[in-house]
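Note that our numbering has the sequence shown beginning at 128, numbered continuously upward.
Even for Gly, the Cβ is constructed at its ideal location relative to N, Cα and C.
The structure presented is a predicted model; accordingly, all values stated were derived computationally and were not measured.
See below for the structure under consideration.
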Amino acid sequence: MGLSEHEQRLLDEMERNLYKHEADIVNTSAGPRTVNYTKVAVGVLGVVLGLVLVVIGVSMKLAIIGVAGFAVAVGGALWALSASRPATGDEAAARGTASEGPAAAKHGPSLMERLSQEWDDRNQR
């Protein structure tokens with residue numbers, strides 16, 4: 128059963144929005160990244176120090192030391208997780224993995240063509 132004109136327009140609009148948002152996601156989440164290992168090491172040390180403070184606070188029955196230790200551990204974890212950032216053009220070129228932008232991501236058949244092909248293949252079985 129085919130789609131009505133209204134359904135076809137809605138589907139086309141959804142496809143356009145998907146491609147637009149997909150390109151935004153690809154640009155922000157994919158590609159080479161650099162890691163500042165010093166920040167990672169300091170963050171891991173902060174987590175370890177915070178956990179030691181939590182244990183000391185529990186063993187001495189001093190809640191303030193335990194809470195401070197937890198805060199230090201969370202701060203260290205956040206510090207370590209912030210160590211990664213997208214590579215700049217120079218760094219990506221040095222690795223040989225230069226980002227090609229959203230135009231390179233939009234090759235091959237469209238979403239509708241792929242779905243139609245999958246539907247046809249499924250019905251032929």
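Closest residue to residue i among the options (Cα-Cα distance)
i: ALA198; options: ASP247, GLY173, PRO213 and LYS166; result: GLY173
i: PRO213; options: ARG160, PRO236, VAL167 and LEU205; result: ARG160
i: GLN135; options: GLU245, ASP248, MET239 and ARG249; result: MET239
i: VAL162; options: ALA210, ILE191 and GLU142; result: ALA210
i: THR165; options: LEU208, MET141, ILE192 and ALA195; result: LEU208
i: ARG241; options: GLY193, GLU142, HIS133 and ILE192; result: GLU142
Start and end residues, beta strand (DSSP E) containing residue i
i: THR161; result: 160-162
Any non-hydrogen atom of the ligand COA closer than 7 Å to residue i Cβ
i: SER243; result: Annotation note on the ligand COA: not contained in the displayed structure, which lists no ligands.
Bridge partners - residue i, DSSP secondary structure assignment
i: PRO213; result: ARG160
N-terminal and C-terminal residue of the alpha helix (DSSP H) that residue i is part of
i: MET187; result: First-last for MET187: undefined, no H or E at that position.
i: LEU238; result: 238-251
Within the chosen definition, does the segment 168-184 reach the segment 200-207 through at least 3 CB pairs nearer than 8 Å? yes
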